[in-house]
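Under our numbering, the first residue of the sequence shown carries the number 1, and numbering increases by one thereafter.
Let me begin by presenting the structure, written as structure tokens, before commenting on it.
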Amino acid sequence: MRAARLHGPRDLRVDDVPAPSAGPGEVLLRPLFTGLCGSDLHMWHGGTGMSAGPLTLGHEFSAEVVEVGPDVDDPRVAAGQLRPGALVSVEPMWTCGHCGPCRAGSYNLCRNMVWHGLSDRAGALAELTVVRPGMVHVLPEGLDAVQGALIEPLAVAHHAVGRCGDIAGGSALVLGAGPVGLAAALDLVARGVERLVVTEPSKVRRDAVSTVLAAVGAGTASVVDPTETDPAELARELTKGEGVDCVVDAAGVEPAFQSGLSALRPGGTIVTVATYLKPVSLHPLLTMLSEIDVRASLGYRGDFPPVVDLMAAGAFPIDGWVRQVPLADVAEAFELLDAGADIKLLVDAGA
């Protein structure tokens with residue numbers, strides 16, 4: 001079968017490799033669409049994670065069930081839901097189930113976790129891949145494979161917004177309008193936030209987030225270039241000087257983080273969901289004087305089902321920010337992603 005494998009920094013090749021099979025307690029899937037994200041790009045730049053040779057990338061994906069392996073103890077099999085031909089979205093975390101966080105239900109913090117497609121667990125940029133049944137979410141009628149491939153990044157945003165607490169009727173600032181920032185903005189609207197500011201230096205991304213916000217009835221949200229408009233000043237202006245209730249930092253750069261802190265009301269919360277590659281400065285006195293909560297968000301925990309429901313309800317329109325490319329062009333797709341030429345690229349494994 002064909003698989004896109006990372007052989008080293010910026011060295012991604014479509015190779016012919018042996019096809020996997022479903023072992024005991026496993027499900028064999030045929031990936032349909034696979035999203036490329038910042039984590040994939042970090043791996044591509046550094047060539048990391050290849051402890052056992054070339055790495056097959058791909059962790060954001062929809063798929064068709066090919067085979068349910070032996071000894072799969074899942075009630076969805078008997079119910080006829082988890083069966084060959086079923087359309088699914090995959091939660092790509094291999095967790096241990098027995099460490100402290102797993103026992104407490106915080107499986108996204110598993111101390112022994114590996115990510116499908118970001119480790120030696122061969123990912124979805126291939127014609128076939130194998131996962132555990134607990135990682136599989138069967139999609140309802142009405143959702144297609146393209147939407148299914150977006151559930152994972154939407155779940156990342158959903159979990160991050162959930163870390164803000166109940167902010168229905170309140171105000172929020174989203175820093176960065178890449179896929180997760182765009183998704184966070186839509187999720188905030190779905191949760192009833194009434195005053196929303198989104199910052200993004202790229203005009204392409206500003207236009208895209210403005211379009212999707214208008215599509216869900218949030219056309220009055222402020223989408224601004226942070227190099228031209230001070231986000232903190234605008235946030236205070238929109239909240240009569242108080243500051244916003246929550247900031248979702250999907251930018252991952254220090255100037256954005258600092259502006260986010262300045263934009264918060266006393267008692268507000270900033271949630272970092274961006275992958276920071278460098279440390280930032282934080283004076284504890286600043287947060288203490290206003291009792292600001294600084295929180296992080298990692299992955300998702302029980303977020304796939306509500307995101308599927310929200311997607312089915314129309315909360316996440318995809319027009320204007322998602323583009324498809326064939327598996328044969330995946331190397332060029334990474335170059336485009338690195339150049340910022342696209343917002344979200346989905347690789348069509350069958351094209």
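Even glycine gets a Cβ: it sits at the ideal position worked out from N, Cα and C.
Since this is a predicted model, take the numbers as computed values, not measurements.
Query                                                                                                                                                                                    : Result
So for His-158, helix, strand or coil by DSSP?                                                                                                                                           : helix
Our contact map puts Glu-200 next to Gly-176 with C-beta atoms below 8 Å; I'd like the distance itself, whole angstroms only.                                                            : 6 Å
Please work out which residues of its chain come closer than 6 Å, Cβ to Cβ, to Asp-293, disregarding the five sequence neighbours upstream and downstream, and give them in chain order. : Thr-269
Considering only DSSP beta bridges, list what His-137 is partnered with.                                                                                                                 : Ser-89
For my contact list, Leu-128 and Ala-19 are in at a C-beta cut-off of 8 Å; report their separation, rounded to the angstrom.                                                             : 5 Å
Can you give me the start and stop residues for the alpha helix (DSSP H) that Cys-102 sits inside?                                                                                       : 100-103
With a threshold of 8 Å, are at least 3 pairs of Cβ atoms found where one atom belongs to the segment 276-288 and the other to the segment 250-258?                                      : yes
Report yes if the CB atom of His-159 is closer than 8 Å to the CB atom of Tyr-276, and no otherwise.                                                                                     : no
Taking the C-alpha atoms as reference points, what is the distance between Gly-178 and Val-273?                                                                                          : 12 Å
What is the rounded straight-line gap between the Cα of Leu-310 and the Cα of Asp-303?                                                                                                   : 11 Å
Do Ala-126 and Met-1 count as a contact pair if the criterion is CB distance below 8 Å?                                                                                                  : yes
Would you tell me roughly how many angstroms separate the C-alpha atoms of Val-65 and Arg-163, rounded to the nearest one?                                                               : 33 Å
From this set, Asp-74, Leu-186 and Gly-243, which residue's C-alpha is nearest Gly-217's C-alpha?                                                                                        : Leu-186
Just curious, the alpha helix (DSSP H) that Ala-214 is in, first and last residue?                                                                                                       : 203-215
Measure the beta-carbon distance from Gly-123 to Gly-58 and round it to whole angstroms, keeping in mind my assumption that it falls under 8 Å.                                          : 3 Å
Return the chain-ordered ranges of every alpha helix (DSSP H) run that is complete within the segment 236-315 and spans a minimum of 4 residues.                                         : 254-263, 284-290 and 304-312
Comparing alpha-carbon positions, which option in Trp-44, Val-130, Arg-76 and Ser-222 lies nearest Leu-139?                                                                              : Arg-76
For Gly-23, tell me which candidate among Pro-9, Arg-132, Gly-243 and Val-136 has the shortest Cα-Cα distance.                                                                           : Arg-132
Who are Thr-199's beta bridge partners in DSSP?                                                                                                                                          : Leu-175 and Val-224
How many Å lie between Asp-245 and Thr-95 at the Cα?                                                                                                                                     : 33 Å
Only counting the same chain, and skipping five residues up and downstream in sequence, which positions put a Cβ closer than 6 Å to that of Ala-86?                                      : Val-65 and Val-138
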